[in-house]
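J.: Submitted below is the structure of interest, expressed as structure tokens.
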Amino acid sequence: MPEIYGFAKYSNIIYLMIGAIGVAFLAGYLLDKIIPLPFPVFKVVFSFGGVILALYLVFKELNRK
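Following the working numbering, the numbering of the sequence shown begins with -10 at its first residue and continues without gaps.
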């Protein structure tokens, strides 16, 4: 039974990562649509920020007991 809890913990981490990166990318995409620039600056910056946020959430979740 304990291996099921480990599986649930790690699958939760995956969903946290997908959610953080997805929300950040969506925010960048929408800002790029509202503020048209020659290069999609907001998508790049927000996607990178989403990856940083996802890594922070992973480390925070792994250190939790």
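Where a beta carbon is used, it is the ideal one built from N, C-alpha and C, also for glycine.
So for Leu42, helix, strand or coil by DSSP?
T.: Within the sequence shown, the letter at position 53 stands for residue 42. DSSP places Leu42 in helix when its eight states are reduced to three.
J.: Please report the straight-line C-alpha distance between Ala(-3) and Ala16, rounded to a whole angstrom.
T.: Taking the sequence shown and counting its residues from 1, one reaches residue -3 at position 8. Taking the sequence shown and counting its residues from 1, one reaches residue 16 at position 27. Cα to Cα, the separation comes out at about 28 angstroms.
J.: If you run the structure through DSSP and keep just helix, strand and coil, what is Leu20?
T.: Working through the sequence shown from its first residue, we reach residue 20 at position 31. Leu20: helix per DSSP, three-state reduction.
J.: Assuming Val47 contacts Ile2 under a Cβ cut-off of 8 angstroms, what Cβ separation, rounded to an integer in Å, is found between them?
T.: Counting from 1 along the sequence shown, the entry for residue 47 is found at position 58. Counting from 1 along the sequence shown, the entry for residue 2 is found at position 13. Right, their Cβ atoms sit about 6 angstroms apart.
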